Amino acid sequence: MEAGIVLVEDGAVVAEYATLVNPGVRIPYAIQQFTGITQEMVADAPPFAAVAQDIAARLDGRLFVAHNARFDYGFLRNEFRRLGRRFRAPVLCTVRLSRALTPAERGHNLDAVMARHGIACEARHRALGDARVLAEFLAIARAQWPAEALGPIVERLVGTARLPPQLDPGIADELPEGPGVYLFYGEDDALLYVGKAKNLASRVLAHFADTRAKLERELAALVRRIEWIETAGEFGALVTEARLIRARRPPLNRRGRDAGALWAIRLREEAALPLAEIRELDALDDPGASYGLFRRRVDAERALAGLAREHALCAKRLGLEAGEGSCVGLQLGRCRGVCVGREPPALHAVRARLALAGLKRREWPFDGPIGVRERDWRGVQETHVFDRWCYEGEPFDLDLYRILAGFLDRPIRGAELIRYGKA
6 MEAGIVLVED GAVVAEYATL VNPGVRIPYA IQQFTGITQE MVADAPPFAA
56 VAQDIAARLD GRLFVAHNAR FDYGFLRNEF RRLGRRFRAP VLCTVRLSRA
106 LTPAERGHNL DAVMARHGIA CEARHRALGD ARVLAEFLAI ARAQWPAEAL
156 GPIVERLVGT ARLPPQLDPG IADELPEGPG VYLFYGEDDA LLYVGKAKNL
206 ASRVLAHFAD TRAKLERELA ALVRRIEWIE TAGEFGALVT EARLIRARRP
256 PLNRRGRDAG ALWAIRLREE AALPLAEIRE LDALDDPGAS YGLFRRRVDA
306 ERALAGLARE HALCAKRLGL EAGEGSCVGL QLGRCRGVCV GREPPALHAV
356 RARLALAGLK RREWPFDGPI GVRERDWRGV QETHVFDRWC YEGEPFDLDL
406 YRILAGFLDR PIRGAELIRY GKA
């Protein structure tokens, strides 16, 4: 739609370049209002293919600087990819630079940076106008922070990661800038690790930028091959990662090691002893009959014990302690005495249900199956279908349940919910 470039050398602006670009599609009204660029303005503008060489020549060998740089960089790289060309450059994000230089400040969007440093802009939200703001911000940073302080910060933020020597260095140029899932393989092509990313290139390279963490050290030492799967959006990346981990159980994924049966807490009749039982679930049963979903029995026991302490419930009545007489909690003032007849069992059972209410699993809130649809910049569309929390006829999976429940509470931008009605 528009490209704006300000070339800076030794702190001084040496050239500028700006051009409108015909995107070949209708510009959304909201974007027209935001930028001031109308459909009429780009009607006679050149397509990206006509200006690609001009842009590439100006950016060749330079540091790519932008606010929320991965978005601009990814968009530009994808446009070059459409033309069968590669584009790669070291990247400095001025959002991250602002945070590093002024960590005590809360706002780091471009308007906040302008206000904080007294930068004016006559053409805000236009490509060249915003690029000029960034050039001025960099000049201010050079003036206000000594080189010995600013230099290491910039080097860390640019931080082009070096791939482990056993990997083909060309992988760095092939990694997509969009969402998806990546797979690390080791000796004998054994799968080591599966991860997800909003930006595959950024996330994969980040594994090798800082190997102080144990996982990163192991991956850098063991990886022999990298594979990736592009998805239409962030939701698809979350779902694909969870399904791959469940199916293939890579050893360096904790979820892969813990995959298997699920455990839940179930309350029995108020007079029953013990009142609570921890049981293994092979599939999703009636959500109203049990509480919580846990990967290990011990995790369910810990959760129940924590609620007992917090709500003065009887550990013996709940089945957490054995033996005769009162529970340990009574002696510590953490039980109201149901174990010695001071509290009616019915009242204790009511309090137990109230305490466990926060662990209650959600009932399926739809009349039938639903889909979550995403479409990427290439026009590729993906729809993920769920029914009663299960993915496309597969057995219930805790991670997919959490992903979908989280999406229903906090929708992901660009993902559309589709209701199919009764099955």
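First residue of the sequence shown: 6, per our numbering; consecutive thereafter. Where is the CB? At the ideal position from N, CA and C, for every residue including glycine. As the structure is a prediction and not an experimental result, all values here were calculated from the model.
List the residues that DSSP assigns as beta-bridge partners of residue i.
{"i": "Ala237", "result": "Looking at the DSSP assignment, Ala237 forms no beta bridge with any residue, so it has no partner."}
{"i": "Arg284", "result": "Ala269"}
{"i": "Phe5", "result": "Shown here, the chain extends from 6 to 428; a query on residue 5 therefore has no answer."}
{"i": "Phe299", "result": "Trp268"}
{"i": "Tyr396", "result": "Phe391"}
{"i": "Phe69", "result": "Val96"}
{"i": "Ala17", "result": "Glu14"}
{"i": "Val377", "result": "His389, Leu422"}
Under 7 Å, do residue i and residue j count as touching if we go by C-beta distance?
{"i": "Phe92", "j": "Arg104", "result": "no"}
{"i": "Ala310", "j": "Leu325", "result": "yes"}
{"i": "Leu272", "j": "Leu298", "result": "no"}
{"i": "Leu197", "j": "Leu227", "result": "yes"}
{"i": "Glu439", "j": "Phe240", "result": "The question about residue 439 has no answer here: the residues shown for the chain are numbered 6 through 428."}
{"i": "Gly334", "j": "Cys340", "result": "yes"}
{"i": "Leu162", "j": "Leu102", "result": "yes"}
{"i": "Ala35", "j": "Thr24", "result": "no"}
{"i": "Ala140", "j": "Val11", "result": "yes"}
{"i": "Leu188", "j": "Val199", "result": "yes"}
{"i": "Pro95", "j": "Leu64", "result": "no"}
{"i": "Ile176", "j": "Ile234", "result": "no"}
{"i": "Lys201", "j": "Ala242", "result": "yes"}
{"i": "Leu405", "j": "Tyr296", "result": "no"}
{"i": "Ala125", "j": "Gly16", "result": "no"}
{"i": "Leu352", "j": "Arg322", "result": "no"}
{"i": "His212", "j": "Glu221", "result": "yes"}
Within 10 Å of its beta-carbon, does residue i have 16 or more other beta-carbons around it, so buried, or fewer, so exposed?
{"i": "Ala225", "result": "buried"}
{"i": "Lys219", "result": "exposed"}
{"i": "Leu289", "result": "In this prediction, Leu289 has a pLDDT of 49, which is less than 50 and means its spatial position is unreliable; nothing more can be read from the coordinates."}
{"i": "Gly191", "result": "buried"}
{"i": "Arg424", "result": "exposed"}
{"i": "Asp135", "result": "buried"}
{"i": "Asn204", "result": "buried"}
{"i": "Thr43", "result": "exposed"}
{"i": "Gly79", "result": "buried"}
{"i": "Ala74", "result": "buried"}
{"i": "Val5", "result": "The requested residue 5 is not part of the displayed model; the chain covers only 6 to 428."}
{"i": "Ala71", "result": "buried"}
{"i": "Ala393", "result": "The amino acid occupying residue 393 in the given sequence is Arg; Ala does not appear at that position. The residue in question, Arg393, is exposed, as its Cβ has fewer than 16 Cβ neighbours within 10 Å."}
{"i": "Asp194", "result": "exposed"}
{"i": "Leu312", "result": "buried"}
{"i": "Glu315", "result": "exposed"}
{"i": "Leu337", "result": "exposed"}
{"i": "Arg415", "result": "exposed"}
My understanding is that residue i touches residue j, with C-beta atoms under 8 Å, so please give their C-beta distance in whole angstroms.
{"i": "Ala360", "j": "Leu318", "result": "6 Å"}
{"i": "Gly376", "j": "Val390", "result": "5 Å"}
{"i": "Val26", "j": "Val47", "result": "7 Å"}
{"i": "Asp381", "j": "Gly89", "result": "Rounded, the Cβ-Cβ distance is 19 Å, inconsistent with contact."}
{"i": "Val186", "j": "Thr107", "result": "Not a contact, Cβ separation roughly 35 Å."}
{"i": "Val385", "j": "Ala237", "result": "5 Å"}
{"i": "Leu115", "j": "Val159", "result": "That pair is no contact at about 19 Å."}
Tell me whether residue i counts as near the ligand SAH, meaning its Cβ is closer than 6 Å to at least one heavy atom of that ligand.
{"i": "Phe391", "result": "With respect to small molecules bound, the structure shown includes none, and the ligand SAH cannot be examined in it."}
Let me know the secondary structure DSSP gives residue i once reduced to three states.
{"i": "Gly363", "result": "helix"}
{"i": "Leu289", "result": "Interpretation of Leu289 is limited by its pLDDT of 49, a score under 50 that renders its predicted location unreliable; the figure taken from the coordinates is listed afterwards. Reduced to three states, the DSSP call for Leu289 is coil."}
{"i": "Tyr22", "result": "strand"}
{"i": "Gly338", "result": "coil"}
{"i": "Ala2", "result": "The question about residue 2 has no answer, for the chain in this structure spans 6 to 428."}
{"i": "Glu7", "result": "strand"}
{"i": "Ile417", "result": "coil"}
{"i": "Arg251", "result": "helix"}
{"i": "Phe412", "result": "helix"}
{"i": "Ile32", "result": "coil"}
{"i": "Gly156", "result": "helix"}
{"i": "Cys332", "result": "coil"}
{"i": "Asn83", "result": "helix"}
{"i": "Ile60", "result": "helix"}
{"i": "Pro350", "result": "helix"}
{"i": "Lys321", "result": "coil"}
{"i": "Glu223", "result": "helix"}
{"i": "Gly311", "result": "helix"}
{"i": "Gln171", "result": "coil"}
{"i": "His130", "result": "coil"}
{"i": "Phe213", "result": "helix"}
{"i": "Asp372", "result": "coil"}
{"i": "Phe39", "result": "helix"}
Taking only beta-carbon atoms, is residue i less than 7 Å away from chain C?
{"i": "Ala226", "result": "Any reference to chain C falls outside this structure, which holds one protein chain only."}
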